[in-house]
Amino acid sequence: MIPAPARGLLVALLQGGLLLSLGGQLLLDRATRPRGWILSEPVDPYLPIRGRYVNLALLVPAPELPAGQSRPWSGERLVLHSEAARVRAMLAGPATPRSRSLPATPQGERWRLGPSVAYFIPPGVVDPSRRPAGEQLWVEVTLPGQGPPRPIRLGVQRGDGPITPLELR
1 MIPAPARGLL
11 VALLQGGLLL
21 SLGGQLLLDR
31 ATRPRGWILS
41 EPVDPYLPIR
51 GRYVNLALLV
61 PAPELPAGQS
71 RPWSGERLVL
81 HSEAARVRAM
91 LAGPATPRSR
101 SLPATPQGER
111 WRLGPSVAYF
121 IPPGVVDPSR
131 RPAGEQLWVE
141 VTLPGQGPPR
151 PIRLGVQRGD
161 GPITPLELR
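Here the sequence shown is numbered in the UniProt record's numbering, starting from 1 and rising by one per residue.
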């Protein structure tokens with residue numbers, strides 16, 4: 001029989017270990033997995049209690065279509081990769097596991113990835129998704145082995161210029 005204070009300490013250590021393992025996995029992914037910038041557009045989640053985050057839809061350049069395929073359709077799945085510090089997409093093949101691809105919908109020259117991502121904003125910072133005309137909001141993301149991209153930081157591109165990271169702290 002373990003005394004009550006020792007059981008409480010054991011549960012606290014177990015929860016702390018779980019938290020540290022999750023944080024360690026995220027830091028390891030950020031250090032070892034590919035990363036790149038991806039164009040985004042804000043999405044209003046229409047929640048009464050929204051919190052301090054921006055919900056962003058991610059847009060990738062249209063992937064090359066296989067020979068014989070004339071038009072993409074909604075519900076296609078894409079595999080993401082980093083190329084020259086930008087996120088690019090390829091159509092997922094029939095042998096690609098669903099856990100390694102993301103649903104996407106064509107929107108002209110770009111494809112919109114299925115799950116939007118949340119970027120959390122520090123207190124006292126103005127909503128960075130509200131940009132003046134001529135500016136595009138970009139997100140630097142880590143591309144994990146499975147699941148949607150994980151946002152790292154936001155940046156702005158004016159015209160065809162370089163992407164300038166935003167200082168939000």
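By construction, the Cβ of each residue, glycine as well, lies at the ideal position given by its N, Cα and C atoms.
Within 9 Å, strictly: CB atoms of residue i and residue j
i, j, result
"S99", "G147", "yes"
"P61", "E109", "yes"
"L143", "V87", "yes"
"L65", "L91", "yes"
"R131", "A104", "no"
"I152", "R30", "yes"
C-alpha gap between residue i and residue j, whole angstroms
i, j, result
"V117", "R52", "13 Å"
"V125", "E167", "10 Å"
"G93", "V139", "27 Å"
"E135", "G8", "53 Å"
"A84", "P34", "11 Å"
"T164", "A95", "38 Å"
"L14", "L20", "10 Å"
"G159", "G16", "46 Å"
"P106", "T32", "30 Å"
"L28", "S40", "25 Å"
Local Cβ density within 10 Å of residue i, reported as buried at 16 or more and exposed below that
i, result
"V11", "exposed"
"P5", "exposed"
"L58", "buried"
"A67", "exposed"
"L137", "buried"
Coarse secondary structure for residue i, derived from DSSP in three states
i, result
"L10", "helix"
"A62", "coil"
"A89", "strand"
"Q15", "helix"
CB contact below 9 Å: residue i versus chain D
i, result
"D160", "No chain D is part of this structure, which consists of one protein chain only."
* Enumerate, from N- to C-terminal direction, the unbroken beta strand (DSSP E) stretches of 3 or more residues contained entirely within the stretch 95–140. => List check, beta strand (DSSP E) in window: 102–107, 110–113, 117–120.
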